[in-house]
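Worksheet for the structure shown next.
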Amino acid sequence: MTKKIKKLAINGGPKVRTRPFDFYNTIGKEEILAVNRVLRTGVLSKFLGAWHENFYGGDQVRALESEWKKYFNVKHAVALNSATSGLIAAVGAAGIGPGDEVIVTPYSMCISATAPLFYGAVPVFADIEDEYFCLDPISIEKKITSRTKAIIVVDILGQAYDAEKINKIAKKHNLIVIEDCAQAPGGMYKGKYTGTLGDIGIYSLNYHKHIHCGEGGILVTNNDEIAERARLIRNHAEAVVGPKGTDNLINMIGYNFRMTELEAAITREQLKKLKSLVDGRINNVKYISDKLSKILFISPAKVRDNVKHVYYLQPLKFNMAIAGVHRDIFIDAVKAELMPIKKREAEGVWMNYGFRPLYLLPMFQNKICYGSSGYPFVSSLYNKNQDYSKGLCPVAERLHGEELFYHDYIKPCMTKKDLDDVVKSFYKVAENINELKNG
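Our numbering numbers the first residue of the sequence shown as 7 and each following residue consecutively.
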């Protein structure tokens, strides 16, 4: 009896792709020249943690903030050393404190949910939308209590949150909306930029985002008081409020969240490239989506009406009932056909199954954060037993466990050959799926 030859790479067959994909590098001669200009001045940072003309930073930081607010048509922009710092500063600037609740998403990077903890507030998880993966307005409204002070929404994977419905809920209950726009710079919602849809917006300049300076972030707002409080938190507030004459001392303990002149100079050049880099992602996603349209058990994630999705990653949904195999088995087989990205080889093939719901992190399961007593989940100011048990957000759990997956092979540096190799990998596994069903 002749042994059947296995075709899939996961079973020992040949790969579709044998060469690593090119590294996504948006840094060019413009950034190098900008950095060299700063280096020649010898001034790599100009911040002083005291009430002084340099409290607000140096020339590059101030120029970046001016250019950012002009680009996104917003009144204030505050440059920081990360989007994580931006979210922490936003919660503090909003006056949130011990005993308060903040509604958060279970489906994002962890700081989107943990930022309230820095001020002793308790995160309350609402579920996400089945089609768009952002916070579900219906679930949000069910979670609001007399303790709720804010909602942290996330423009997940490049998709804008449902600003019309969620902002209306926030206004009804007098809540602050903090928009985590780390994954969606340059996106649009009904003609308005993502990041500017809520009361406070946060952008990321981390090295694997649309544009970057290595590490960095920008906070934006149209509220004068919130902007100034964010600047104080950025730069040792407690040392400044006295000489400055600040009366509202709530959350006025500061950090060193300051951006350097080098990072600001790089970001100024990167901002000029944002539109073309976003357009490159959109075109690549469309190409892959069109090519995959004949695979009946894979479908591109939907885009909200009147939204420009900017695709931090490309999300797709998997139908196990049609495929006849579990999503994870299929995707592992697709990954085996591909290669990693250069300089990111240790990360493997960048295709994943979705964020594990954040309330399943040990911090929430054990309700241990500061010290061993359970604060802020348990305190004299908070006598509720907040539920973080499995099953809390069924849509998020189902998407993570069964349906949603996404990949990183959509960057503007991808060639048509690169995109075709990604598509061929999906088709090869789909056409030989019986190898997976039969083990």
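For glycine and all other residues, C-beta sits at the position ideal for the given N, C-alpha and C. Source: prediction; values computed, not measured.
| task | Output the boundary residues of the alpha helix (DSSP H) element that contains tyrosine 381. | result | DSSP places tyrosine 381 outside any alpha helix (DSSP H), giving it a letter other than H or E.
| request: Give the straight-line distance between the Cα atoms of valine 130 and alanine 121, rounded to the nearest whole angstrom. | output: 12 Å
| query | What did DSSP end up calling phenylalanine 336 once you bin it into helix, strand or coil? | reply | helix
| said: Tell me the rounded alpha-carbon separation between isoleucine 109 and isoleucine 150. | reply: When rounded, the distance between both Cα atoms is 8 Å.
| Can you list, in chain order, the residues of its chain whose CB lies under 6 Å from that of threonine 8, leaving out five sequence neighbours each side? | Only weak support is given to the placement of threonine 8: the predicted model assigns it a pLDDT of 41, under 50, and the value that follows is read from those uncertain coordinates. Once the five neighbours on either side are set aside, threonine 8 has no close Cβ partner at all.
| message | What residue range does the beta strand (DSSP E) around leucine 225 cover? | response | Per DSSP, the unbroken beta strand (DSSP E) holding leucine 225 starts and ends at 223 to 227.
| Name the DSSP beta bridge partners of phenylalanine 411, please? | Leu322, per the DSSP bridge assignment.
| message | Please report the straight-line C-alpha distance between alanine 15 and asparagine 444, rounded to a whole angstrom. | response | The alpha-carbon atoms of alanine 15 and asparagine 444 are separated by roughly 15 Å.
| Nearest-angstrom Cα separation, counted from isoleucine 259 out to histidine 242 | Rounded to the nearest whole angstrom, the CA to CA distance from histidine 242 to isoleucine 259 is 7 Å.
| query | In its own chain, which residues sit with a C-beta less than 6 Å from the C-beta of threonine 90, not counting the 5 before and 5 after it? | reply | Ile117
| said: Tell me which residue opens and which closes the alpha helix (DSSP H) that proline 249 is part of. | reply: Boundaries of the alpha helix (DSSP H) harbouring proline 249: 243 to 250, taken from the DSSP string.
| query | Secondary structure at threonine 47, three-state DSSP: helix, strand or coil? | reply | helix
| query | So serine 385 is in the beta strand (DSSP E); what residue range does that whole segment cover? | reply | Here serine 385 belongs to no beta strand (DSSP E), and DSSP marks it neither H nor E.
| field | Cβ-based burial, valine 401 [other Cβ within 10 Å; buried from 16] | value | buried
| request: Measuring alpha carbon to alpha carbon, tell me which of Leu364, Ile416, Val226, Arg264 ends up nearest phenylalanine 29. | output: With distances taken between Cα atoms, phenylalanine 29 lies closest to Ile416.
| Rounded to the nearest angstrom, how far is the Cβ of aspartate 280 from that of glycine 192, given a contact under 8 Å? | Note that residue 280 corresponds to leucine in the displayed sequence, not to aspartate. Right, the Cβ-Cβ distance comes to about 5 Å (below 8 Å), so this counts as a contact.
| task | Take the Cβ of tyrosine 213 as the centre, count every other Cβ of all protein chains shown within 10 Å, and call the residue buried at 16 or more, exposed below. | result | exposed
| query | Residues bridged to proline 129 by DSSP? | reply | Val108
| Taking Cβ to Cβ, would you say leucine 141 is nearer than 8 Å to asparagine 290? | no
| request: Measure the alpha-carbon distance for isoleucine 232 versus alanine 96 and round it to whole angstroms. | output: Separation of isoleucine 232 and alanine 96 (C-alpha to C-alpha, rounded to the nearest whole angstrom) is 8 Å.
| request: Compute the distance between the beta-carbons of isoleucine 217 and phenylalanine 432, then report whether it is under 8 Å. | output: no
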